[in-house]
Amino acid sequence: MSAGERRWGRRERGRGRGRALLWCALVAAWELAWGQLRYSVPEEMQKGSFVGDVAKDLGLEPAALRARGARIVDKGRRQYFALNLENGHLAVNERVDREDICSGVAKCVLNVEILVKSPVKLYRGEVEIQDINDNSPVFPARNSVLEIIEHTAPGTRFPLEKAEDPDIGVNSLQNYECSQSSYFTLEVRTGADGVKYPVLILANPLDREEQAVHNLLLTASDGGSPVKSGSTAIRVVVLDGNDNAPAFTQSVYEVTVREDVAVGSRVLRVTATDRDEGPNAQVRYSFHKVPEKVDRIFQLDPESGEITVTERLDFERRAFYELDVQARDGGGLSSHSKVLITVADVNNHVPEIVITSVFSPVAEDSPLGTVVAIVNVQDRDSGANGEVRCSIAESLPFRLERTFDNYYSLVTDGELDREEVSEYNVTVRATDGGSPALWSSAVLPLRVLDVNDNAPVFGEARYSAWLPENNGKGALVLRVRAADADWGQNGRVRYRLCEGQVRGAPLSSYVSVHAETGALYALRSFDYEEVREVGLWVRAEDGGAPALSSNVSVRLFIVDENDNAPQVLYPAAAAAAGAGAGAGAGAGWSGVELAPRSAEPGTLVAKVVAVDADSGQNAWLSYELAKATEPGLFRVGLHSGEVRTARLPVARDAPRQRLVVVVKDHGQPALSATATLHVVLAESVAELLSELSGAAAPGEPAGSLTRWLVLAVAAVACLFLAFLLALLALRLRRWRRSRLLAAGSGASRAAPASPFVGIDGVRAFLHSYSHELSLTADSRKSQRRCPGASGSNTLPAPPPPDKRAPLLPEEPAGAGAGSGSDSGSDSGSDSGSDSGDALPL
């Protein structure tokens, strides 16, 4: 060959290698796009040897693999490979013997599942174990004996025992060679299954007398590099006589047997005939060079040729058996036939469920589609019997998603609520496609992790409590209760008060709430008269993050107690002191009232006004006359406090009457106060003044009493002049009478008392009552009329113009009011009215 031809050949070989590399790269990219990792390594590699760069092929950094918790899924079997998280390499973890793992399989592939979390994803890898020439062909026996009758015709074939080489491909058995002999030749035949068989062919007739034994060496070699071989010695013994060997009716027997066939069942029957007679025609059957494992499964009857099953068959363990049956006659001649037994698969394996990973507990707020478990399902049957379908109950908030092959992911398919269901027992059911179908199940316990999604709820929409006033500090008012449906810290409830004020002071200075128990305590003593009702809000807050809370309204009603005695507004305490000093009655005097001696029974004399700071029954007042100068002369209204005459005054009744009125409330116990009234029985103001001046205390100076009398007369005169001016303005037509009226008219008018009295901002209006006063100068008698309860002042007609009377009679200095009679003209009379409750002195 020329140099140019050699260069052209090298270029063609280089182009071929480039195209092969390009196709390999395309195939690898296509497999990676489908999420598959494919590697190939030779067998018998040392532990720690490099297999493949997983991190690079998955497009991840080694740090990302460590952070996401990548690991190889453990299936409970031997782990031949390990994932190094430091560099992302897949390495050999245990010695891999291809013949031990994949005996008789053309392509040996080990599957590797790599699980990556956060988010969860499962990658599948395949590692092809490449065969190396580590096994030599081996014959079942190192020596064998072959007996041949001397009359055997040339060309007769004698099958020899084949050698076994567990390697595959070129590393397996490739050829047989036999030592040179003038009587025998070797033929290598290839069976339907591709296995080579040695056959010894008789080339020339044998003559026992010439040579009784022939020694041959049979060598089997493989195609590995370097080539390995094995040998066996064959001793050929030449027999004399029997020239017809048994002949089988079929060269190959084929039968199919179900794997669930009963032990002892007949598989088939082989038959061989011999044309000889006598002992040379008696045929016996036996297995020829059958492995011990197979010999335990099948049994051959040497007489009948029936093959029976002695152990249960298993399609998944072995689906095909090849048996070599030998028929030997009594003369030592034999023939061989093959029996091919195919085991038919039966659905006799239930699906196996392997829980690869369970991510429990799962948060109740997990989004839809969250992976909570990964399940692997396997069925050792084949075909439809090995097709498995997985399912779970439809009522659960989960669903199964098939990832690839027989891997399923259990993902959330609905909202989870721990408060309704805190734990699920998900039953995964796997059913194969056999008839009848077989199934199995596995239970996945899943716990729901609580999330703070429930606020505390109070037991009542609003709370109210009643607390008696004057309570002790720290008194328990009530307890509020709130429940939280969450669990643990999320369900722990604490209470506190919302900000507020009571009468300008912080609410926290009045009440407090226990943070753990919700007990509400009073921090100070309440006074019903100051605070009657306290409104507040209590907040319940859980311990979640962020915390949830709710509020409830609490109304605290202060219950009144009878802790305030009635307070007398009229007669006032100041008036009592002044009246007592002027009348000589001491400090018990609280007012002076005028009662005419001609008053009819039921005439209003005075009114005692009292109030009680309490409320309800504790403020319901009643009046009663406790002490009187003249019993039976006056009576007091039980609920009105009005003092009225009970009968007509008589001459023997003392002119000055002292009344003590007791005011009681209806509390338990009842509280009371007293009011003292001084009533003067007089028909006129002059008689009233005379009576009061006569009662002056001995130690009081006369000048002081005179000053009071002068002031009273001046006040009456001023009132009279004002009245006169008004009357003159109205009576302009009666000009001529106006002068007579100015000279003869006179009247006295008392100054009204204060119309109201107030205590703590409460003003009580006093009941007004009036008196009609008539004075006559000629009769020296005073007459007073009280027109019932009309309360209106009456003014009598003016006197005739020719009769004149003084406004007030002259009184000697220091004489007081005299005896109550007036001096003046008989023809003139005047009347005045008194509209005050008391006459201040």
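Under this note's numbering, the first residue of the sequence shown is numbered 5, with each subsequent residue one higher. Glycine included, every Cβ here is placed at the ideal spot set by N, Cα and C. The model shown is predicted, which means the values in this text are computed figures rather than measured ones.
Next item on the list: Name, in chain order, the residues that DSSP records as bridge partners for Asn-219.
Entry: As a working mapping, residue 219 is identified with position 215 in the sequence shown. Paired residue(s): Arg-239.
Checklist line | Own chain residues within Cβ distance below 8 angstroms of Leu-190, not counting five before or after | finding: On the sequence shown, position 186 is the one that residue 190 refers to. Sequence-distant Cβ neighbours of Leu-190 in its own chain, meaning closer than 8 angstroms and more than five residues away, are Tyr-180, Glu-181, Cys-182, Pro-202, Val-203, Leu-204, Ile-205, Leu-222.
Check: What are the residues that DSSP puts in a beta bridge with Glu-427?
Finding: For the purposes of this step, residue 427 is taken as the residue at position 423 of the sequence shown. In the DSSP assignment, Glu-427 forms a beta bridge with Arg-451.
Check: So is Gln-184 buried or exposed if we call it buried at 16+ other beta carbons inside 10 Å?
Finding: Position 180 of the sequence shown, counting from 1, holds the residue named residue 184. Counting C-beta atoms within 10 angstroms of its own C-beta, Gln-184 has fewer than 16 neighbours from the protein chains shown and is therefore classed as exposed.
Notebook entry, point to check: What does Val-862 pair with, by DSSP beta-bridge criteria?
Noted result: This structure cannot settle anything about residue 862, because the visible part of the chain is limited to 5 through 845.
Next item on the list: Answer yes or no: do Asp-385 and Asn-429 have a C-beta to C-beta separation smaller than 8 angstroms?
Entry: The residue given as residue 385 occupies position 381 in the sequence shown. The residue given as residue 429 occupies position 425 in the sequence shown. In this structure, the beta-carbon distance from Asp-385 to Asn-429 does not fall below 8 angstroms.
Checklist line | Under the three-state DSSP convention, the category Ser-553 falls into | finding: One-based indexing of the sequence shown puts residue 553 at position 549. Strand at Ser-553.
Note to self: By alpha-carbon positions, which one of Asn-389, Phe-319, Ala-249 ends up nearest to Arg-161?
What the structure shows: Within the sequence shown, residue 161 is the residue found at index 157, counting from 1. Nearest in C-alpha terms to Arg-161, of all of Asn-389, Phe-319, Ala-249, is Ala-249.
Next item on the list: Kindly indicate the opening and closing residues of the beta strand (DSSP E) around Pro-46.
Entry: Stepping through the sequence shown from its first residue, residue 46 is reached at position 42. In the DSSP assignment, Pro-46 falls within the beta strand (DSSP E) that extends over 40-46.
Note to self: Less than 8 angstroms between the beta carbons of Ser-341 and Arg-332, yes or no?
What the structure shows: Counted from its first residue, the sequence shown places residue 341 at position 337. Counted from its first residue, the sequence shown places residue 332 at position 328. Taking 8 angstroms as the Cβ cut-off, Ser-341 and Arg-332 do not qualify as a contacting pair.
Check: What residue does the beta strand (DSSP E) around Ala-377 start on, and which one ends it?
Finding: The residue given as residue 377 occupies position 373 in the sequence shown. 375-382 is the span of the beta strand (DSSP E), which, as asked, contains Ala-377.
Check: Can you name the start and end residues of the beta strand (DSSP E) that Ile-105 belongs to?
Finding: Position 101 of the sequence shown holds residue 105. Unbroken run through Ile-105 is the alpha helix (DSSP H), 102-105; no beta strand (DSSP E).
Checklist line | Residue from Val-116, Pro-46, Ala-434 whose Cα sits closest to the Cα of Gly-390 | finding: Walking along the sequence shown from the start, residue 390 turns up at place 386. If we check each option's Cα against that of Gly-390, Ala-434 comes out closest.
Check: So Asp-299 is in the alpha helix (DSSP H); what residue range does that whole segment cover?
Finding: Locating residue 299 in the sequence shown gives position 295, counting from the first residue. Counting along the chain, the alpha helix (DSSP H) containing Asp-299 begins and ends at 296-301.
Next item on the list: Less than 8 angstroms between the CB atoms is what I'm expecting for Leu-243 and Gly-336, so what's the real figure, rounded?
Entry: Residue mapping note: residue 243 aligns to position 239 of the sequence shown, counting from 1. Residue mapping note: residue 336 aligns to position 332 of the sequence shown, counting from 1. Contact between Leu-243 and Gly-336 is confirmed by a C-beta separation of about 5 angstroms, below the 8 angstroms threshold.
Note to self: Taking the straight line between their C-alpha atoms, what separation do you get for Leu-442 and Arg-321?
What the structure shows: As a position in the sequence shown, residue 442 is number 438, starting the count at 1. As a position in the sequence shown, residue 321 is number 317, starting the count at 1. Each residue's Cα considered, the two are about 20 angstroms apart.
Margin query: Whole angstroms are fine: how far does the CA of Leu-725 sit from the CA of Val-647?
Written below: Position 643 of the sequence shown, counted from the first residue, corresponds to residue 647. Position 721 of the sequence shown, counted from the first residue, corresponds to residue 725. So the alpha carbons of these two residues sit roughly 33 angstroms apart.
Check: DSSP state of Phe-724, grouped into three classes?
Finding: Along the sequence shown, read from residue 1 onward, the residue named residue 724 stands at position 720. In this structure, Phe-724 counts as helix in the three-state DSSP scheme.
Notebook entry, point to check: Pairing CB atoms from the stretch 114-121 with CB atoms from the stretch 56-76, are three or more of them under 8 angstroms?
Noted result: Touching, per the Cβ criterion.
Margin query: Going residue by residue through the stretch 488-576, where are the continuous beta strand (DSSP E) segments of at least 3 residues, counting only ones entirely within it?
Written below: Restricted to the stretch 488-576, the beta strand (DSSP E) segments that are unbroken, complete and at least 3 residues in length are 497-501, 515-517, 523-526, 537-546, 553-563, 571-574, listed in chain order.
Next item on the list: Whole angstroms is fine: what's the gap from Val-415's alpha carbon to Ala-110's?
Entry: In the sequence shown, counting from the first residue as 1, residue 415 sits at position 411. In the sequence shown, counting from the first residue as 1, residue 110 sits at position 106. Approximately 39 angstroms, taken between the alpha carbons.
Check: Between Gly-606 and the rest of its own chain, which residues show a CB-CB distance below 6 angstroms, the 5 nearest in sequence each way excluded?
Finding: As a first step, residue 606 is located in the sequence shown; it is residue number 602 there, counting from the start. Non-local C-beta neighbours of Gly-606 in its own chain, meaning closer than 6 angstroms and more than five positions away in sequence, comprise Arg-648, ordered along the chain.
Margin query: In whole angstroms, give me the CA-to-CA distance for Gly-539 and Arg-466.
Written below: Mapped onto the sequence shown, residue 539 falls at position 535. Mapped onto the sequence shown, residue 466 falls at position 462. Approximately 11 angstroms, taken between the alpha carbons.
Notebook entry, point to check: Within the chosen definition, does the stretch 493-507 reach the stretch 516-535 through at least 3 CB pairs nearer than 8 angstroms?
Noted result: Touching, per the Cβ criterion.
Notebook entry, point to check: If we call anything under 8 angstroms between Cβ atoms a contact, is Val-665 one with Ala-655?
Noted result: As a working note, residue 665 is residue 661 in the sequence shown. As a working note, residue 655 is residue 651 in the sequence shown. Contact check for Val-665 against Ala-655 fails: the beta carbons are separated by 8 angstroms or more.
Notebook entry, point to check: Using CA coordinates, which residue listed in Ile-357, Ala-526, Trp-470 is at the minimum distance from Lys-477?
Noted result: Position 473 of the sequence shown holds residue 477. Scanning Ile-357, Ala-526, Trp-470 for the CA closest to the CA of Lys-477 turns up Ala-526.
Check: By the 10 Å Cβ neighbour count, where 16 or more other Cβ atoms means buried, how is Asp-104 classified, buried or exposed?
Finding: Mapped onto the sequence shown, residue 104 falls at position 100. With fewer than 16 other Cβ atoms from the protein chains shown falling within 10 Å of its own Cβ, Asp-104 counts as exposed.
Check: For the ligand NAP, is there a heavy atom less than 7 angstroms away from the beta-carbon of Ser-140?
Finding: Questions concerning the ligand NAP fall outside what the structure shown contains, since it holds no ligand whatsoever.
Notebook entry, point to check: Between Ser-468 and Arg-543, what straight-line distance do the alpha-carbon atoms span, to the nearest angstrom?
Noted result: Locating residue 468 in the sequence shown gives position 464, counting from the first residue. Locating residue 543 in the sequence shown gives position 539, counting from the first residue. The alpha-carbon atoms of Ser-468 and Arg-543 are separated by roughly 15 angstroms.
Notebook entry, point to check: How many Å lie between Val-432 and Arg-128 at the Cα?
Noted result: Within the sequence shown, the letter at position 428 stands for residue 432. Within the sequence shown, the letter at position 124 stands for residue 128. A straight-line Cα-Cα distance of about 23 angstroms links Val-432 and Arg-128.
Notebook entry, point to check: Grouping DSSP H, G and I as helix and E and B as strand, with all else coil, what is Val-609?
Noted result: Position 605 of the sequence shown holds residue 609. Val-609: strand per DSSP, three-state reduction.
Check: CB-CB under 6 angstroms to Val-96, same chain, minus the five flanking residues each way: which ones, in chain order?
Finding: Against the sequence shown, residue 96 aligns to sequence position 92. Cβ neighbours of Val-96 within its own chain (closer than 6 angstroms, five residues either side excluded): Met-49, Lys-51, Ser-53.
Notebook entry, point to check: In the DSSP assignment, what residue or residues form a beta bridge with Gln-661?
Noted result: For the purposes of this step, residue 661 is taken as residue 657 along the sequence shown, with counting starting at 1. Val-683, per the DSSP bridge assignment.
Checklist line | Spatial neighbours of Gly-438 in its chain, beta-carbon cut-off 6 angstroms, leaving aside the 5 residues before and after | finding: Here the question's residue 438 lines up with position 434 in the sequence shown. These residues qualify, in order along the chain: Asn-351, Asn-389.
Check: Starting from Leu-62 and walking both ways along the alpha helix (DSSP H), at which residues does that stretch end?
Finding: Mapped onto the sequence shown, residue 62 falls at position 58. Per DSSP, Leu-62 belongs to the alpha helix (DSSP H) from 58-62.
Margin query: Quick check: what's the CA-CA separation for Asp-78 versus Leu-372?
Written below: Taking the first residue of the sequence shown as position 1, residue 78 is located at position 74. Taking the first residue of the sequence shown as position 1, residue 372 is located at position 368. So the two alpha carbons sit approximately 28 angstroms from each other.
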